[in-house]
Ligand SMILES: C[S@@+](CC[C@H](N)C(=O)[O-])C[C@H]1O[C@@H](n2cnc3c(N)ncnc32)[C@H](O)[C@@H]1O
């Protein structure tokens, strides 16, 4: 009896493996199809249409043939990115969801630029040589792939720099806008934060420290401290750090995966963190 149960369990595991292996064989396709949707402007077209749109209308708006578009939409609907809804004439149509609105090029929820950045050959290359980074005990795989670190590469490639800045704006747009409304006299000043940080009433560090090892983080924080004048009793001085480490409370599987992979992202552009540091994994 026990032997039969063991055999059954073994067969069940084999069956799961036969199915699950396809997640890895075709894993790249999800990103490819989402990028395709952004490139074609599918979410923007449906939003402009203002109500559910038929395949035929969507294909003529986008200037593509219905058949390949149908396959793309079928995949995106299967993933719950778009949904099916009847048009006003009662025909089957495609409609937006909160997730598809994140694929729009514009709008306060747009995350399109961040997806385009992360799916660009420049940013994918380091991920495709993770094994080299593991074998090299943490040497930056970005540097291995491109011959220089992320920031030097970005400085030397204006197109990548523009894409990077647009991608950062996806997240920063809301936070920074809210702050600027509260604060007057905000000025844009360039420079190397390891040399000096311009004098300011406050320092707000958003998505920066995760890129650096402890030694550099201390340098950055010291420069920020130097930049903020001493509190003489009247003016308040503030140093705000947007912490990027997540706690252990990420309930969903999706966030857990993001968290596990983010740990790698931290070491892709720069040297590894101090041994033992983890993002609450
Ligand atoms: C992950 S981005 C975050 C950008 C922005 N804080 C945001 O949240 O959108 C890190 C930023 O650090 C900047 N950076 C990298 N090295 C720097 C340096 N030595 N001095 C000043 N800024 C630097 C990069 O140009 C990039 O804009």
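In the working numbering, the protein residues as written are 7 to 287. From the three backbone atoms N, C-alpha and C, an ideal C-beta is built for every residue, glycine too. Keep in mind the model is a prediction, meaning the values are calculated, not measured.
Looking only at C-alpha atoms, which of the options sits nearest to residue i?
{"i": "residue 167", "options": "48, 224, 11, 124", "result": "124"}
{"i": "residue 103", "options": "38, 84, 228, 61", "result": "84"}
{"i": "residue 51", "options": "68, 135, 42", "result": "68"}
{"i": "residue 136", "options": "148, 182, 225, 127", "result": "148"}
{"i": "residue 146", "options": "219, 194, 38", "result": "219"}
{"i": "residue 37", "options": "82, 181, 197, 190", "result": "82"}
{"i": "residue 215", "options": "207, 208, 224", "result": "224"}
{"i": "residue 207", "options": "191, 196, 199", "result": "191"}
{"i": "residue 45", "options": "31, 189, 112, 8", "result": "112"}
Pull up the CB-CB distance for residue i and residue j, whole angstroms please, since I reckon it's below 8 Å.
{"i": "residue 93", "j": "residue 57", "result": "7 Å"}
{"i": "residue 221", "j": "residue 121", "result": "With a Cβ gap of about 32 Å, residue 221 and residue 121 do not count as contacting."}
{"i": "residue 96", "j": "residue 60", "result": "11 Å between Cβ atoms; not a contact."}
{"i": "residue 78", "j": "residue 140", "result": "Rounded, the Cβ-Cβ distance is 35 Å, inconsistent with contact."}
Where do the ends of the alpha helix (DSSP H) carrying residue i lie?
{"i": "residue 119", "result": "118-124"}
{"i": "residue 72", "result": "72-84"}
{"i": "residue 230", "result": "220-233"}
{"i": "residue 161", "result": "156-162"}
Got a sec? Which residues, its chain only, sit under 6 Å from residue i by beta carbon, not counting five neighbours each side?
{"i": "residue 157", "result": "none"}
{"i": "residue 131", "result": "151"}
{"i": "residue 119", "result": "172, 173, 176"}
{"i": "residue 89", "result": "101, 103"}
{"i": "residue 127", "result": "none"}
{"i": "residue 87", "result": "105, 106"}
Can you tell me where the beta strand (DSSP E) holding residue i begins and where it ends?
{"i": "residue 212", "result": "208-212"}
{"i": "residue 101", "result": "98-101"}
{"i": "residue 90", "result": "89-92"}
Can you list, in chain order, the residues of its chain with a C-beta nearer than 8 Å to that of residue i? Leave out the 5 residues immediately preceding and following it.
{"i": "residue 115", "result": "104, 107, 108"}
{"i": "residue 161", "result": "167"}
{"i": "residue 180", "result": "114"}
Give me, in chain order, the residues of the same chain whose beta-carbon lies closer than 7 Å to that of residue i; leave out the 5 immediate sequence neighbours on both sides.
{"i": "residue 49", "result": "43, 102, 106, 107, 109, 110"}
{"i": "residue 65", "result": "71, 72, 75"}
The stretch 225-236 touching the stretch 196-207, judged by at least three CB pairs closer than 8 Å: Because the criterion of three Cβ pairs below 8 Å is met, the stretch 225-236 and the stretch 196-207 touch.
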